[in-house]
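Protein chains in written order, with this note's numbering: chain Y, 116 to 715; chain F, 16 to 250.
Even glycine gets a Cβ: it sits at the ideal position worked out from N, Cα and C.
The structure appears right after this line, and notes come after that.
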Amino acid sequence: MGKEVNNIITQYDSDKKRLMDMLLDIQEEFNYIPNDAIDSLSEKLNLSKVHILETISFYHFLTLKNTGKYTIYLNDSVSAYMSGREEVEKAFEKETGIKFNTVSEDGLIGLFNTSCIGMSDQEPAALINNKVFTNLTTEKVKEIVQNIKDGKDTDDLMKAELGEGKNSDKLIKSMTKNNININKAILSDDYIPSSALMKIIKQERDEVINEIENAELRGRGGAGFPTDLKWKFTANTPEGKRYIFCNADEGEPGTFKDRVILTEKPELVFEGMAVCGYAINSDQGILYLRYEYKYLKKYLENVINKMKKRNLLGKTILGKEGFNFDIRIQLGGGAYVCGEETALLESAEGNRGEPRYKPPFPAIKGYLERPTVINNVETLSSVVKILNKGNYWFKKLGTEESRGTKLLSISGDCEKPGIYEIEWGITINKMLEMVGAKDVQAVQVGGPSGNCISPNQFDKQIRYSELGTGGSIVVIGKNRDLLKDVVMNYTNFFIEESCGSCVPCRNLTVIYRNTLQKIIDGKGVQTDLDNMLEWENVMKMNRCGLGQTAFNPIVTTLRNFPNLYESKLVEDSDIKQTFDISKAIQEYCNTTGRKPIIEE
Amino acid sequence: MKDKFKITIDGVELTANQGETILKVASDNGIYIPVLCAYEGLKPQASCRVCSVKVNGRTMTACTTTASPGMKIENDTPEINELRKIIVETMFVAGNHFCPTCEKSGDCELQALAYRLKMDVPRFPYSFSNKEIDASNPKLMIDHNRCIKCKRCARGIKTEDGKDLFAFKNRGDRILISIDKELAKNISDKKAQEAMDICPVGAILRKERGFINPIGTRKYDNNPIGNNIEKLKEI
Numbered sequence: 116m117g118k119e120v121n122n123i124i125t126q127y128d129s130d131k132k133r134l135m136d137m138l139l140d141i142q143e144e145f146n147y148i149p150n151d152a153i154d155s156l157s158e159k160l161n162l163s164k165v166h167i168l169e170t171i172s173f174y175h176f177l178t179l180k181n182t183g184k185y186t187i188y189l190n191d192s193v194s195a196y197m198s199g200r201e202e203v204e205k206a207f208e209k210e211t212g213i214k215f216n217t218v219s220e221d222g223l224i225g226l227f228n229t230s231c232i233g234m235s236d237q238e239p240a241a242l243i244n245n246k247v248f249t250n251l252t253t254e255k256v257k258e259i260v261q262n263i264k265d266g267k268d269t270d271d272l273m274k275a276e277l278g279e280g281k282n283s284d285k286l287i288k289s290m291t292k293n294n295i296n297i298n299k300a301i302l303s304d305d306y307i308p309s310s311a312l313m314k315i316i317k318q319e320r321d322e323v324i325n326e327i328e329n330a331e332l333r334g335r336g337g338a339g340f341p342t343d344l345k346w347k348f349t350a351n352t353p354e355g356k357r358y359i360f361c362n363a364d365e366g367e368p369g370t371f372k373d374r375v376i377l378t379e380k381p382e383l384v385f386e387g388m389a390v391c392g393y394a395i396n397s398d399q400g401i402l403y404l405r406y407e408y409k410y411l412k413k414y415l416e417n418v419i420n421k422m423k424k425r426n427l428l429g430k431t432i433l434g435k436e437g438f439n440f441d442i443r444i445q446l447g448g449g450a451y452v453c454g455e456e457t458a459l460l461e462s463a464e465g466n467r468g469e470p471r472y473k474p475p476f477p478a479i480k481g482y483l484e485r486p487t488v489i490n491n492v493e494t495l496s497s498v499v500k501i502l503n504k505g506n507y508w509f510k511k512l513g514t515e516e517s518r519g520t521k522l523l524s525i526s527g528d529c530e531k532p533g534i535y536e537i538e539w540g541i542t543i544n545k546m547l548e549m550v551g552a553k554d555v556q557a558v559q560v561g562g563p564s565g566n567c568i569s570p571n572q573f574d575k576q577i578r579y580s581e582l583g584t585g586g587s588i589v590v591i592g593k594n595r596d597l598l599k600d601v602v603m604n605y606t607n608f609f610i611e612e613s614c615g616s617c618v619p620c621r622n623l624t625v626i627y628r629n630t631l632q633k634i635i636d637g638k639g640v641q642t643d644l645d646n647m648l649e650w651e652n653v654m655k656m657n658r659c660g661l662g663q664t665a666f667n668p669i670v671t672t673l674r675n676f677p678n679l680y681e682s683k684l685v686e687d688s689d690i691k692q693t694f695d696i697s698k699a700i701q702e703y704c705n706t707t708g709r710k711p712i713i714e715e
Numbered sequence: 016m017k018d019k020f021k022i023t024i025d026g027v028e029l030t031a032n033q034g035e036t037i038l039k040v041a042s043d044n045g046i047y048i049p050v051l052c053a054y055e056g057l058k059p060q061a062s063c064r065v066c067s068v069k070v071n072g073r074t075m076t077a078c079t080t081t082a083s084p085g086m087k088i089e090n091d092t093p094e095i096n097e098l099r100k101i102i103v104e105t106m107f108v109a110g111n112h113f114c115p116t117c118e119k120s121g122d123c124e125l126q127a128l129a130y131r132l133k134m135d136v137p138r139f140p141y142s143f144s145n146k147e148i149d150a151s152n153p154k155l156m157i158d159h160n161r162c163i164k165c166k167r168c169a170r171g172i173k174t175e176d177g178k179d180l181f182a183f184k185n186r187g188d189r190i191l192i193s194i195d196k197e198l199a200k201n202i203s204d205k206k207a208q209e210a211m212d213i214c215p216v217g218a219i220l221r222k223e224r225g226f227i228n229p230i231g232t233r234k235y236d237n238n239p240i241g242n243n244i245e246k247l248k249e250i
């Protein structure tokens, strides 16, 4: 064992900042991280074991116990349950004879739950030894488990056609489907790799940034920060090493659009990174790929190599002196919070993915304390399209404050789930018509951290200032129990995925969950509802976007569906909902003529 | 004089030096902003959030925000103190804090802050969560019932060669502080005392030295938390 571990450590030059890569490789090799490996890491990297354990224990896919020769991670998101996960879950337990969160005695099979794996339009879905299995049914589970018992290769566990497009590429070979229903700009087929690079090498760096500024491009990850400003802040720092990160850690339950872009148009993303490299004078790009998309890693690395051969990446790109840009892929370890850009940097530096406090912003002090731009996959893709077609073309799309197009990942109760590239400004009504959704109770816009809206709000538009979204849309039909099936699931998701650093996020989210349970159980009182709205101000004191929105599943439904909550409250109960002391002693005061001294 | 400028905290005008945090400016001027995870000499962590203040209407942590000219800061207001109180109350219910039997009672910053914020009893139901006491180390005892995950130990206590003695384990509400069993075996008594002292609550205790200071003579027994800072103002 020692030899393999030492090789892994050496492969990363014994650089402690590459601890994540080492741990992921060790996990891959042994299906867990053995004690001896921790000893070796501790010795070679001069880190205490407790430090290494801090990193390991943070990530869902890094484990201290063997997860089985066949490790099954079944997605437990809302979309999965809507598509019949409960039956599949039972089937897995029945066929394997073990419960979830355990490994079979012979070490053959491990059964685990996992947060959204980016397959919401083809649920129920699971990762088995990092391979994606979609549209699972009880029959398919039977087949899979039998094949496992027969010792078959992971590739041969389930008979299924390969997905369309690049999903059938020999380096991917996945049954994953793209389900692209509408492609407008980003996913359109008129893209020729190198087109944007050819253009910009004749321009000054400032001109490139100006073009992005004129297009009024805003970040597509959800926050909507102007892309040109991020670039400018970084470009204006004193000379020296700068980094560009592409954030491919889409973990918001219900979103899967970055997966489709990376599958079908990876050149677009890498070219976007190179464009940014030119604009801000950086020679190193890093694609932070969520662990769930590990099945794309070899394919993406091959694309990078091909682009290098064509001199679209590498040294003296397209003959332009001084334009050097290389890209490597950094894999995550399974943590939603790492989609937050500073948590992502911590993770890439080998630490637990805890968001940093800001300022300093990454543009000034980012990866390895150097100025860093972090852009979403879709943002970087948009950059290339803007340079190709001009900012006027881009600005004609969308609305005045939300320019261009947006890729929506739509799942849930609708006929045609999948990817819809729409122009910003589309109403929810129009969107529902598009996806074939009837009898809709609610729409979750922007995932759990977003807003759950009711039918009387369906005339609202999807755009930054009205209904912003990073791309996740879940349609919830009238047959669903909104509180139990959706709100509770999302709240548990936030509890599971919180880094645990800020006190309100760590503690209060649990109190929110317990209060919601109390209401679902029919034991809630009006004060509970009032409290949950009041605590919102405490949650907003959290450091990062996860903490500041972890109450949204509850609070947005409480606002938009008050009846759902109120109808479950205790009626005619002896429980005093609020105790009003003035009222209680009023009769006494009237009789005696005394006045109470009551402290406010 | 170029690097000095004025800011106001609750309407009081103060002079700040370039590069100082709001917390530093306040403390130097006799204004108390409550803290739990911040500790003199340590890089701020901004995780307890009780030092939150409003800067020009926006909520920011005083321990990490650098003062800049003309800042209007709200600190000791009913609104902010109520938010702080809620945060402190969540800590009381998430752990198991039985002050009367705790060795740190009177020296405990969480307890003192609860008094200062006039907490009677937490408004939330207690979790009564099952937490362990780790007494495996020869010098120190870790009582997870009382840990508030401020990470002061992890940030402040290192081995002679700079390695971490303490770190987090897990994430979310399952987070625990953990001690490096091997490294901690050989720590000096002085280091063990430092670890106990840096802990704001009674989660890290030295063994075989219980109740050295009798109740009544402890740090906050007769001197509420924040008083030392506020006394500066009177001088």
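- Of all residues in the stretch 618 to 636 of chain Y, only V618, P619, R621, N622, L623, T624, V625, I626, N629 place a beta-carbon less than 8 Å from a beta-carbon of chain F.
- Rounded to the nearest angstrom, the Cβ distance from Y:G481 to Y:Y358 is 6 Å, consistent with a contact under 8 Å.
- Cβ neighbours of Y:A152 within its own chain (closer than 8 Å, five residues either side excluded): M116, V120, I141, F145.
- Around the CB of F:D158, 16 or more other CB atoms lie within 10 Å, so the residue is classed as buried.
- Judged by DSSP secondary structure, Y:Q559 falls within the beta strand (DSSP E) whose first and last residues are 555 to 560.
- When DSSP states are grouped into helix, strand and coil, Y:P668 belongs to the helix group.
- Taking all protein chains in view, the Cβ of F:F113 is surrounded by fewer than 16 other Cβ atoms within 10 Å, so the residue is classified as exposed.
- Within the DSSP bridge table, the entry for Y:S219 names no partner.
- Just so you know, the alpha carbons of F:D195 and Y:P668 end up roughly 38 Å apart.
- Note: F:E28 is bridge-paired with F:T23 in the DSSP secondary-structure output.
- Shortest Cα-Cα distance from F:K234 to any of F:A182, F:D122, F:F143, F:I22 involves F:D122.
- Considering only Y:P341, Y:T178, Y:Y174, the residue with the shortest C-alpha distance to Y:G447 is Y:Y174.
- In the three-state DSSP reduction, Y:V488 falls in the strand class (E or B).
- At a Cβ-Cβ threshold of 8 Å, F:A127 and F:A77 do not count as neighbours.
- Non-local C-beta neighbours of Y:E538 in its own chain, meaning closer than 6 Å and more than five positions away in sequence, comprise L512, G513, T520, ordered along the chain.
- Beyond the five residues adjoining it in sequence on each side, Y:T664 comes within less than 6 Å, by CB distance, of S564 in the same chain, given in chain order.
- Here Y:A241 is bridged, per DSSP, to Y:L189, Y:F248.
- For Y:A363, there is no enclosing alpha helix (DSSP H); the residue is found in the beta strand (DSSP E) stretching over 358 to 363.
- When DSSP reads this structure, Y:G400 sits in a beta bridge with Y:I359, Y:I442.
- Contact between F:D135 and Y:R621 is ruled out by a C-beta separation of about 23 Å, above the 8 Å threshold.
- Burial check for Y:E326: the Cβ neighbour count within 10 Å reaches 16 or more, so the residue is buried.
- Residue environment: Y:D574 is assigned as exposed (fewer than 16 neighbouring CB atoms within 10 Å of its CB, all protein chains considered).
- Counting other Cβ atoms within 10 Å of its Cβ, F:S83 stays below 16 and is therefore classed as exposed.
- Residue state for F:T80 is assigned as coil, using DSSP reduced to three classes.
- Cα atoms of Y:E516 and Y:P341: separation of roughly 11 Å, rounded to the nearest angstrom.
- Against chain F, a Cβ distance below 8 Å from Y:I610 picks out G187, D188.
- Cβ neighbours of Y:G199 within its own chain (closer than 7 Å, five residues either side excluded): P239.
- In its chain, beyond the 5 residues on either side, P619, L623 have a beta carbon closer than 7 Å to the beta carbon of Y:V653.
- Within its own chain, the residues whose Cβ lies closer than 6 Å to the Cβ of Y:T253, once the five positions on either side in sequence are excluded, are E202, A206, listed in chain order.
- For F:F143, not one C-beta of chain Y is nearer than 8 Å to its own C-beta.
- Contact between the stretch 269 to 282 of chain Y and the stretch 226 to 236 of chain Y is absent: fewer than three C-beta pairs spanning the two stretches fall below 8 Å.
- Taken atom to atom, the span from the alpha-carbon of F:C63 to that of Y:G449 is near 25 Å.
- Y:E436 and Y:I316 have their C-alpha atoms roughly 10 Å apart.
- At a cut-off of 8 Å between C-beta atoms, Y:V653 counts as an interface residue with respect to chain F.
- Collapsing the DSSP output to three states places F:D149 in a strand.
- Residue contact check for Y:L168 against chain F: a CB pair falls below 8 Å.
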